[in-house]
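Q: Sequence positions in the sequence shown follow the working numbering and run 1421 to 1856.
Built from N, CA and C at the ideal position, the CB exists for glycine as well.
Just so it is clear, the structure is predicted and the values come from calculations on it, not from any experiment.
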Amino acid sequence: MLSRNSDLIPSLLFAAGFLCASAGAAAPVLLSPASNAVNVGASATLRMAVPASTVGPCTVRFYGRVAVNPGPDFTIAALPDTQNYSAVQHGAVLGMFTAQTDWIVANHTASNIVYVAGLGDIVDAGDTNDGFNNIAQWYNATNALYRLENPVTTGLPEGIPYGTAVGNHDQSPNGDPDGTTIYFNRFFGVSHFAGRSYYGGHYGTNNNNHYDLFSASGLDFIVIYFQYDENANQDVLDWAAHLLQSYPNRRAIVVTHYVGNADIPCDFGWQAQCIYTTLRTNANFFLMLGGHIMGEGARADVFNDNSVASLVADFQGYTNGGDGFLRLMRFSPGNNLIQVSTYSPWLGQYMNDEQSQFSVPYDMAPAVAAAVTNFIALGTNSNIAAGAETSLVWSGLVPNHVYEWYVAVTDQANNTVVSPVWRFTSARKTAFYGVS
1421 MLSRNSDLIP SLLFAAGFLC ASAGAAAPVL LSPASNAVNV GASATLRMAV
1471 PASTVGPCTV RFYGRVAVNP GPDFTIAALP DTQNYSAVQH GAVLGMFTAQ
1521 TDWIVANHTA SNIVYVAGLG DIVDAGDTND GFNNIAQWYN ATNALYRLEN
1571 PVTTGLPEGI PYGTAVGNHD QSPNGDPDGT TIYFNRFFGV SHFAGRSYYG
1621 GHYGTNNNNH YDLFSASGLD FIVIYFQYDE NANQDVLDWA AHLLQSYPNR
1671 RAIVVTHYVG NADIPCDFGW QAQCIYTTLR TNANFFLMLG GHIMGEGARA
1721 DVFNDNSVAS LVADFQGYTN GGDGFLRLMR FSPGNNLIQV STYSPWLGQY
1771 MNDEQSQFSV PYDMAPAVAA AVTNFIALGT NSNIAAGAET SLVWSGLVPN
1821 HVYEWYVAVT DQANNTVVSP VWRFTSARKT AFYGVS
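#1: Please specify which runs of the alpha helix (DSSP H), each continuous and at least 4 residues long, are wholly inside the region 1517–1601, giving them in chain order.
#2: In whole angstroms, give me the CA-to-CA distance for residue 1681 and residue 1710.
#3: Report the three-state DSSP secondary structure of residue 1475 (helix, strand or coil).
#4: Can you find a CB in chain B that lies within less than 9 Å of the CB of residue 1815?
#5: Check whether the region 1616–1624 and the region 1555–1567 touch, using three or more Cβ-Cβ pairs below 8 Å as the test.
#6: DSSP three-state call for residue 1713: helix, strand or coil?
#7: If we count the other Cβ atoms within 10 Å of its Cβ and call it buried at 16 or more, is residue 1523 buried or exposed?
#8: Residue 1846 bridges to which residues according to DSSP?
#9: Assuming residue 1539 and residue 1501 are in contact, meaning their beta carbons sit under 8 Å apart, how far apart are those beta carbons, in whole angstroms?
#10: Using a Cβ-Cβ cutoff of less than 8 Å, which residues in the same chain neighbour residue 1462 once the five nearest sequence positions on both sides are dropped?
#11: Is the region 1500–1518 touching the region 1632–1652, taking contact as three or more C-beta pairs under 8 Å?
#12: Taking just the CA atoms, how far does residue 1715 sit from residue 1778?
#13: Just curious, the beta strand (DSSP E) that residue 1698 is in, first and last residue?
#14: Under a three-way DSSP split, which group does residue 1777 fall into?
#15: Assuming residue 1670 and residue 1640 are in contact, meaning their beta carbons sit under 8 Å apart, how far apart are those beta carbons, in whole angstroms?
#16: Looking only at its own chain, which residues have a Cβ that is under 8 Å from the Cβ of residue 1514, when we skip the five neighbours before and after it?
#17: Going by CA-CA distance only, name the one from 1843, 1834 and 1813 that's closest to residue 1826.
#18: Between 1655, 1525 and 1548, which lies nearest to residue 1581 when the distance is taken from Cα to Cα?
#19: With respect to the alpha helix (DSSP H) encompassing residue 1611, which residues constitute its N-terminal and C-terminal limits?
#20: With a threshold of 8 Å, are at least 3 pairs of Cβ atoms found where one atom belongs to the region 1729–1742 and the other to the region 1682–1693?
#21: Based on the DSSP secondary-structure assignment, which residues constitute the bridge partners of residue 1723?
#22: Express the C-alpha separation of residue 1585 and residue 1594 in angstroms, rounding to a whole number.
#23: Given that a residue counts as buried once 16 or more other Cβ atoms are within 10 Å of its Cβ, and exposed if not, what is residue 1736?
#24: Could you tell me the boundaries of the beta strand (DSSP E) in which residue 1630 lies?
#25: Nearest to residue 1481 by alpha carbon, out of 1822, 1706, 1833 and 1800?
#26: What separation, rounded to the nearest whole angstrom, lies between the Cα atoms of residue 1604 and residue 1726?
#27: Taking contact to mean at least 3 C-beta pairs separated by less than 8 Å, is the region 1802–1811 in contact with the region 1466–1481?
#28: Give me the Cα-Cα distance between residue 1587 and residue 1460, rounded to the nearest whole angstrom.
#29: In whole angstroms, what separates the C-alpha of residue 1527 from that of residue 1830?
#30: Quick one: does the C-beta of residue 1613 sit closer than 8 Å to a heavy atom of the ligand PLP?
#31: Classify residue 1577: buried if its beta carbon has 16 or more other beta carbons within 10 angstroms, exposed otherwise.
#32: Let me confirm a value: residue 1690 is counted as buried when at least 16 other C-beta atoms fall within 10 Å, else exposed. Which label applies?
#33: Give the secondary structure of residue 1803 by DSSP, where H, G and I count as helix, E and B as strand, and everything else as coil.
#34: Tell me where the beta strand (DSSP E) around residue 1640 begins and ends.
#35: By the 10 Å Cβ neighbour count, where 16 or more other Cβ atoms means buried, how is residue 1701 classified, buried or exposed?
Spelled out as C-alpha cells, the structure:
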C-alpha cells in the first residue's frame, strides 16, 4: 500500500487487521528473527532489506507489539505426597518417585510442561532420626526431584522450574511449624534455589514459605508456597498478600500441604480457609493446590466476581503407597479451560473417574494493557540506500511471550511501502527477581 502520509499507515492498516504492500510495489524484505522463530533472547535484532526498486535513500520505521492471540497449551504437573516412595514403605518403591520425574523430563517438550509443584510430605520422617533412617529418605527425594534440574536431559540451562511445599511429615516434631525443617532447608532451601531465574524469594530466614515466578504462552505466574501450619501465621499471610499486590499482573497459584478434605465440594482446613480469606481480594488469585488428606477433592469460591479453584490430591493410602499417580493440569488459553488429569507413569495408566479427570473454566485472555495491543513505533533508521540492509534492536522483551513486528519504508518521493507482519516467541527463561 502506498501513501503520501506515512503516519497514517499504522491506523489504517491495523483496522484492516493486516499489513502488506500493494500490487506492483515491492515490499520490504524481513530477514530476522525468522518468521515464527522461537527462543529469541531478551533483546531481538530486527533486520530487514530495503527493496532494490525503491528510490533511495529511504527512511525505515520499525513497529512492534505483544501478540494478543492465545498462546499454545501448556501443562503444570503436581506431585502429591511422595512420602511412601521416599521412605520405601507400604508397598511403595523409590522407582515410583523417579518414574514421575523421569516422565516429566521425557515429556516436557511434547506436553509443554512448564512448571512442577510438589504438594508436601516429601518424606515421611522429617528431621527425626528415630529408626526410620530419615536421611536416606531425603537422599531418595533428591534422587527423584533433582532430575528436574538436569540441563542435559531437560535441554534447559536450569532444568524445569519447580518448587515444593513443606508438609507435616517434613517437620519435626511432625506437624509443628515451630519445630525444625533442617533437612528440607539443606536439600531444598534458599541456597539451593538462589540465583535461579524462576526463584522469587522467601519469608523469614529459611525456605519454608517461598515463591516462584514463571511465564508460559504469554501469561505470567507467581506460585506461593506455605508450610504446613494449622495456626495460620498472620505474618506469613500478610507476606503473601503483599506479594500478590506487588505482582498484580501475575496469575497467582497457592500451594499449601493441607487445603481440605477429599470431597466435592471439599471443606477447607483452617490454614487454607485463612489463606483464602486473606488473599481473595486479589483478582489475580485463581488456584490453590494441596494434598495431605487421602483421596481427591475440589471446591470453587467466588468473591467480587473472582473465582478461585481449590484442588486436593493425595494417593498415599492407595495401592502400593500411591502407585506413582500425579496430577497434570493442562492450560488451554484458546479455550479458557484447565483440563485436569491423574496419571501414573509407573503403571502407565490414567484414573478416569470424575474426581480424577475434569475441567476448570479459567479466563486466560492475556493481561495486556490496551495501549500495547496496538503496534508501537520502535525506532527509525534514516538514509538507508535502496537494496541495503538495516536493523534495530528491540530490547526489554518479556520471557515466553509472542511478539509481532513489521517495517514501513518511505522513499525520497514520500511513497511508503509496508512489509508483512512477522512474529517470534521470546525465550522461556524468566528474569530474576530477588525480592524476599
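A: The short version:
#1: 1554–1565 and 1571–1574
#2: In the sequence shown, the residue the question calls residue 1681 occupies position 261. In the sequence shown, the residue the question calls residue 1710 occupies position 290. Their backbone Cα atoms lie some 10 Å apart in a straight line.
#3: Residue mapping note: residue 1475 aligns to position 55 of the sequence shown, counting from 1. Here residue 1475 sits in coil by DSSP.
#4: The structure shown contains no chain B; it is built from a single protein chain.
#5: no
#6: If you number the sequence shown from 1, residue 1713 lands on position 293. Residue 1713: coil per DSSP, three-state reduction.
#7: The residue you call residue 1523 lines up with position 103 of the sequence shown. Its Cβ being crowded by 16 or more others within 10 Å, residue 1523 is buried.
#8: Walking along the sequence shown from the start, residue 1846 turns up at place 426. In DSSP, residue 1846 forms a bridge with 1460.
#9: Reading the sequence shown from its first residue, position 119 is the one you call residue 1539. Reading the sequence shown from its first residue, position 81 is the one you call residue 1501. Right, their Cβ atoms sit about 6 Å apart.
#10: The residue labelled residue 1462 in the question sits at position 42 within the sequence shown. Cβ within range, chain order: 1815, 1816, 1817, 1819, 1846, 1847 and 1851.
#11: No, the region 1500–1518 does not touch the region 1632–1652.
#12: Here residue 1778 refers to the residue found at position 358 of the sequence shown. Here residue 1715 refers to the residue found at position 295 of the sequence shown. For residue 1778 and residue 1715, the distance between alpha carbons rounds to 15 Å.
#13: In the sequence shown, the residue the question calls residue 1698 occupies position 278. No beta strand (DSSP E) contains residue 1698, which is instead part of the alpha helix (DSSP H) from 1690–1699.
#14: Position 357 of the sequence shown holds residue 1777. Coil.
#15: Numbered from its first residue, the sequence shown carries residue 1670 at position 250. Numbered from its first residue, the sequence shown carries residue 1640 at position 220. That belief holds up - the Cβ atoms of residue 1670 and residue 1640 are roughly 5 Å apart, short of 8 Å.
#16: Your numbering for residue 1514 matches position 94 in the sequence shown. So the qualifying residues of the chain are 1505, 1506, 1508, 1560, 1563 and 1564.
#17: For this step, residue 1826 is matched to residue 406 along the sequence shown. Here the closest residue by C-alpha is 1843.
#18: Taking the first residue of the sequence shown as position 1, residue 1581 is located at position 161. Considering only alpha carbons, the answer is 1525.
#19: The residue labelled residue 1611 in the question sits at position 191 within the sequence shown. Where residue 1611 is concerned, the enclosing alpha helix (DSSP H) stretches over 1610–1613.
#20: yes
#21: Numbered from its first residue, the sequence shown carries residue 1723 at position 303. Beta-bridge pairing links residue 1723 to 1726.
#22: The residue you call residue 1594 lines up with position 174 of the sequence shown. The residue you call residue 1585 lines up with position 165 of the sequence shown. Cα to Cα, residue 1594 sits roughly 15 Å from residue 1585.
#23: Stepping through the sequence shown from its first residue, residue 1736 is reached at position 316. It is buried - the Cβ of residue 1736 has at least 16 other Cβ atoms within 10 Å.
#24: For the purposes of this step, residue 1630 is identified with residue 210 of the sequence shown, where counting begins at 1. Run containing residue 1630: 1630–1636, per the beta strand (DSSP E) assignment.
#25: For the purposes of this step, residue 1481 is taken as residue 61 along the sequence shown, with counting starting at 1. Considering only alpha carbons, the answer is 1800.
#26: Counting from 1 along the sequence shown, the entry for residue 1604 is found at position 184. Counting from 1 along the sequence shown, the entry for residue 1726 is found at position 306. Rounded to the nearest angstrom, the two C-alpha atoms are 34 Å apart.
#27: Touching, yes, given that three or more Cβ pairs across the two stretches are closer than 8 Å.
#28: Residue numbering aside, residue 1587 sits at position 167 when the sequence shown is read from its first letter. Residue numbering aside, residue 1460 sits at position 40 when the sequence shown is read from its first letter. So the alpha carbons of these two residues sit roughly 39 Å apart.
#29: Here residue 1527 refers to the residue found at position 107 when the sequence shown is read from its first residue. Here residue 1830 refers to the residue found at position 410 when the sequence shown is read from its first residue. The straight-line gap from Cα to Cα measures roughly 48 Å.
#30: Looking for the ligand PLP in the displayed structure turns up nothing, as the structure carries no ligands at all.
#31: Taking the first residue of the sequence shown as position 1, residue 1577 is located at position 157. It counts as exposed.
#32: By 1-based counting over the sequence shown, the position of residue 1690 is 270. Around the Cβ of residue 1690, a 10 Å sphere holds fewer than 16 other Cβ atoms; the residue is exposed.
#33: By one-based count along the sequence shown, residue 1803 stands at place 383. Strand at residue 1803.
#34: Start at 1 with the first residue of the sequence shown, and residue 1640 comes out as number 220. First-last of the beta strand (DSSP E) with residue 1640: 1639–1646.
#35: Translated into the one-based positions of the sequence shown, residue 1701 becomes position 281. Classified as exposed, residue 1701 has fewer than 16 neighbouring CB atoms from the shown chains inside 10 Å of its CB.
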